[in-house]
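K.L.:
Please read through the structure below; I'll follow up with questions.
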Amino acid sequence: MCDIYIFYKYLSTRMTASIDYFFATIMNKFLTIVLMLLWALNSHALSISNLYGSGMVMQQNATVTLWGWGHPGEQISVVTSWGEQTTTIVEGTSNWKAIIKTQNGGFNPELITISGSKSKIVLRDVLIGEVWLAAGQDNITATFKDSVSLTNPIFKEEVYKKGLRFFTVDKKPSMFSHEDIKGQWKGTSEANLLETSVLAYYFAFQVKGFTQIPVGVVIQDWGHEAIDSWHTETAMDEELALVNKLENIKNQPFTPHHEDIAHHPMMYQFRNYKIAGILWSHGKHEISKKSDYKASMLKLIKNMRNQFGEVPFYYVQIAPYKYGNITAGAKIRDQQREILNIKKTAMVVTSDISHHNDFNPQNKDDIGVRLANIALKRIYDKINDEVVESPNMMFIQRKGRTLYVHFSNSKGLHFSKGDKGYFEVCSADGIYHCVPALIDKNIVKLDLKGIKKPQYVRFGWNSKARPFLENEVGLPASCFSNQKIIEGDTFF
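In this text, residue positions in the sequence shown follow numbering that gives the first Met the number 0: the first is 0, and each later residue adds one.
Written out as structure tokens, the structure reads:
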């Protein structure tokens, strides 16, 4: 009922638009509602969500929910080739749900048979392994067709591609919670790879290479969308709050930028889906939200984890670029860095593989591998001593006329290109001053000569900054700002 009211309010807010657009919108929405009603009344044939199909990967060692549709009251049985068996009854809404357990991951193709009173569905070539969700903007969107040659043997030889599967969700903006998702599980033929996310492929390739178990990635990309498009409102009062937001967009074209547009068709259907973790790349189109991007990202993580559980959330920091003003990009990057305080999060910094004339790093393979290495160390215990994350500022301490900046992941900390001018200290008058920086035993030392009453420190505080402060494996440090100074010798 709330969806209908929201739909009504959406139409009413568009009344000032052109007559042609208004009537086209009415007819489109009217026909959609009619078709949905007809589907609900007549779709009694046994079916299963498109997320579950032949050639899929299912999360290993998990309790997995299958769901679909059938005739109300019909008994449905589910039998798997690894010995799971269960029955369920189709509800009055024509929905059914069945719960099964999966085994250890492996490359042996499995079968799942779903049987009703008059028909059955057989899912073939099912692999058990690790399933990840990759979502967000253009870093996720970019496919092999866009930029990458497929001449490398890792795209040609089956030994490299075996066990990699991908499900790309069709893009369909909507305010409403449709029942099924559009898309299909695909393997790694050359034709399929051309339409596959480069970042997702390299992530899966790296994880499979170390773990020797199949990896599936559900790719849910939408370039240029706002972060609020991915939020979902679950309570009635929150949905009604959306109505008020619609009042503010009546003169805007219908796009995926509006809050809740992307999430409902592209996230709602995952409400029972089992995954190992989330990969997220987003932010470069959010420069106008530079003051509250962190709050939006925290809400996103909360919503995602309400749906998927406390899964890891690994994300990509936006690249240096000539954004709206000299510090706009740095402000977004710093808010992204602050998200690292949330448990089971990790961030990939891209300042070393980007160019200030292009906000999309071209080598998405590096991003995918960096995300994978974090998972391999944190989750799969396949990387031990090697550092896999960027240096992150922990605290800053003053001792006499020197500041000591401490970083995590700082083994082998160095300036790779000799530019040490990205550290600034704010004096009591509110003015920031560039200060000389030296590195001693993986700690950055800042000389306070000529600066009275230092208050704060910032680093890389420019939209285009590429500071090249890196650890031993070449991973760059993130920018930061307004970091307070600790007085005394506590840490010495």
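Yeah, the Cβ is synthetic: ideal placement off N, Cα and C, and Gly gets one too. All figures in this text were calculated on a predicted structure; none of them were measured in a lab.
(1) Name the DSSP beta bridge partners of C433, please?
(2) For G182, I'd like the list of residues in its chain whose CB is within less than 7 angstroms of its CB, leaving aside the five on either flank, ordered along the chain.
(3) Confirm, please, whether the CB-CB distance from D446 to R400 is below 8 angstroms.
(4) For C433, does the count of other Cβ atoms within 10 angstroms reach 16, so buried, or fall short, so exposed?
(5) Since S280 is in the beta strand (DSSP E), which residue starts that stretch and which ends it?
(6) Could you please give the first and the last residue of the uninterrupted alpha helix (DSSP H) stretch that includes G208?
(7) Tell me the DSSP secondary structure of R369 in three-state form.
(8) Grab me the residues of C478's own chain with a C-beta within less than 7 angstroms of its C-beta, minus the 5 sequence neighbours each way, in chain order.
(9) For E246, is the classification buried or exposed, using 16 other Cβ atoms within 10 angstroms of its Cβ as the cut-off for buried?
(10) What does Q58 pair with, by DSSP beta-bridge criteria?
(11) If you reduce the DSSP assignment to three classes, tell me which class Q454 lands in.
(12) Does DSSP put I111 in a helix, in a strand, or in coil?
(13) Taking a contact to mean a Cβ-Cβ separation below 8 angstroms, would you say H471 touches K410 in this structure?
(14) Just to confirm the assignment, what range does the alpha helix (DSSP H) spanning R533 have?
(15) Answer yes or no: do Q482 and M346 have a C-beta to C-beta separation smaller than 8 angstroms?
(16) Using a Cβ-Cβ cut-off of 6 angstroms (strictly less than) and excluding sequence neighbours within five positions of Y431, which residues of its own chain qualify?
(17) Please report how far the alpha carbon of D220 lies from the alpha carbon of L299, in whole angstroms.
(18) Please check the pair G82 and G104, which I expect to be a contact at CB under 8 angstroms, by giving their CB distance rounded to whole angstroms.
(19) Quickly, what does DSSP pair E486 with across the bridge? List them, please.
(20) Any idea if Q211 is buried or exposed, counting beta-carbon neighbours within 10 angstroms, 16 or more meaning buried?
(21) Return yes when the Cβ of G308 is within less than 8 angstroms of the Cβ of W131, no when it is not.
(22) I need the straight-line Cα distance from F414 to I366, nearest angstrom please.
(23) With a threshold of 16 other CB atoms inside 10 Å of the CB of G420, please say whether the residue is buried or exposed.
(24) Comparing alpha-carbon positions, which option in D351, S462 and F406 lies nearest K416?
(25) Going by the C-beta, is F143 closer than 7 angstroms to any heavy atom of the ligand MG?
(26) For the candidate residues S462, T344 and A133, whose alpha-carbon lies nearest to that of K321?
(27) Report yes if the CB atom of L163 is closer than 8 angstroms to the CB atom of T142, and no otherwise.
(28) Pick from F312, V158, S80 and N302: whose alpha carbon is nearest that of A133?
(29) What did DSSP end up calling Y379 once you bin it into helix, strand or coil?
(30) With the cut-off set at 8 angstroms, would you say L126 and V217 are in Cβ contact?
(31) Would you kindly work out how many angstroms separate the C-alpha atoms of R304 and I442, rounded to a whole number?
(32) Name the DSSP bridge partner or partners of M392?
(33) Look at the alpha carbon of A476 and the alpha carbon of E109, and state the distance between them as a whole number of angstroms.
P.N.:
In terms of the structure at hand:
(1) Residue mapping note: residue 433 aligns to position 434 of the sequence shown, counting from 1. Paired residues: E423.
(2) One-based indexing of the sequence shown puts residue 182 at position 183. Cβ within range, chain order: N49, F166, T167, V168 and D169.
(3) Here the question's residue 400 lines up with position 401 in the sequence shown. Here the question's residue 446 lines up with position 447 in the sequence shown. It is a contact, given that the beta carbons lie within the stated cut-off.
(4) Here residue 433 is taken as the residue at index 434 of the sequence shown, counted from 1. By the neighbour-count rule (16 or more Cβ atoms within 10 Å), C433 is not buried but exposed.
(5) Within the sequence shown, the letter at position 281 stands for residue 280. From DSSP, the beta strand (DSSP E) with S280 extends over G276 to S280.
(6) Residue mapping note: residue 208 aligns to position 209 of the sequence shown, counting from 1. Unbroken alpha helix (DSSP H) run through G208: V197 to T210.
(7) Indexing the sequence shown from 1 puts residue 369 at position 370. Three-state DSSP puts R369 in a helix.
(8) In the sequence shown, counting from the first residue as 1, residue 478 sits at position 479. The residues are A329, R332, D333, F458, G459, W460 and A464.
(9) Here residue 246 refers to the residue found at position 247 when the sequence shown is read from its first residue. Here E246 scores only 47 on pLDDT, less than 50, and its place in the model should not be relied on; the value that follows carries that caveat. Flag for E246 reads exposed.
(10) Numbered from its first residue, the sequence shown carries residue 58 at position 59. G128.
(11) For this step, residue 454 is matched to residue 455 along the sequence shown. Q454: coil per DSSP, three-state reduction.
(12) Sequence index remark: in the sequence shown, residue 111 carries index 112 (1-based). DSSP places I111 in strand when its eight states are reduced to three.
(13) Translated into the one-based positions of the sequence shown, residue 471 becomes position 472. Translated into the one-based positions of the sequence shown, residue 410 becomes position 411. Residue 471 is actually Glu in this sequence, not His. Contact flag set, yes.
(14) The chain is shown from 0 up to 491; residue 533 falls before or after that span and cannot be answered.
(15) What you label residue 482 is simply residue 483 of the sequence shown in a count that begins at 1. What you label residue 346 is simply residue 347 of the sequence shown in a count that begins at 1. No, they are not a contact pair.
(16) Along the sequence shown, one-based indexing puts residue 431 at 432. Only E423 and C425 meet the Cβ criterion.
(17) Here residue 220 refers to the residue found at position 221 when the sequence shown is read from its first residue. Here residue 299 refers to the residue found at position 300 when the sequence shown is read from its first residue. If I take the Cα positions, the gap works out to 15 angstroms.
(18) The count along the sequence shown starts at 1 and reaches residue 82 at position 83. The count along the sequence shown starts at 1 and reaches residue 104 at position 105. With a Cβ gap of about 16 angstroms, G82 and G104 do not count as contacting.
(19) Against the sequence shown, residue 486 aligns to sequence position 487. For E486, which the question treats as bridged, DSSP gives the partners R397.
(20) As a first step, residue 211 must be located in the sequence shown, where it is residue number 212. Exposed, by the Cβ-count rule.
(21) Position 132 of the sequence shown, counting from 1, holds the residue named residue 131. Position 309 of the sequence shown, counting from 1, holds the residue named residue 308. No, the pair does not count as a contact, with Cβ atoms beyond the cut-off.
(22) The count along the sequence shown starts at 1 and reaches residue 414 at position 415. The count along the sequence shown starts at 1 and reaches residue 366 at position 367. Those two C-alpha atoms are separated by around 21 angstroms.
(23) In the sequence shown, the residue the question calls residue 420 occupies position 421. That one is exposed.
(24) Numbered from 1 along the sequence shown, position 417 holds the residue referred to as residue 416. Out of D351, S462 and F406, D351 has the C-alpha closest to the C-alpha of K416.
(25) The ligand MG is not part of the structure shown, which contains no ligands of any sort.
(26) Looking up residue 321 in the sequence shown gives position 322. Closest option to K321, Cα to Cα, is S462.
(27) Taking the sequence shown and counting its residues from 1, the one referred to as residue 163 is at position 164. Taking the sequence shown and counting its residues from 1, the one referred to as residue 142 is at position 143. In this structure, T142 does not lie closer than 8 angstroms to L163 by Cβ.
(28) Stepping through the sequence shown from its first residue, residue 133 is reached at position 134. It is F312 whose Cα lies nearest to the Cα of A133.
(29) Counting from 1 along the sequence shown, the entry for residue 379 is found at position 380. Coil.
(30) Mapped onto the sequence shown, residue 126 falls at position 127. Mapped onto the sequence shown, residue 217 falls at position 218. No, these two residues do not count as a Cβ contact at 8 angstroms.
(31) Here residue 304 is taken as the residue at index 305 of the sequence shown, counted from 1. Here residue 442 is taken as the residue at index 443 of the sequence shown, counted from 1. So the two alpha carbons sit approximately 36 angstroms from each other.
(32) As a first step, residue 392 must be located in the sequence shown, where it is residue number 393. Bridge partners of M392: F406.
(33) Stepping through the sequence shown from its first residue, residue 476 is reached at position 477. Stepping through the sequence shown from its first residue, residue 109 is reached at position 110. In a straight line, the C-alpha of A476 is about 44 angstroms away from that of E109.
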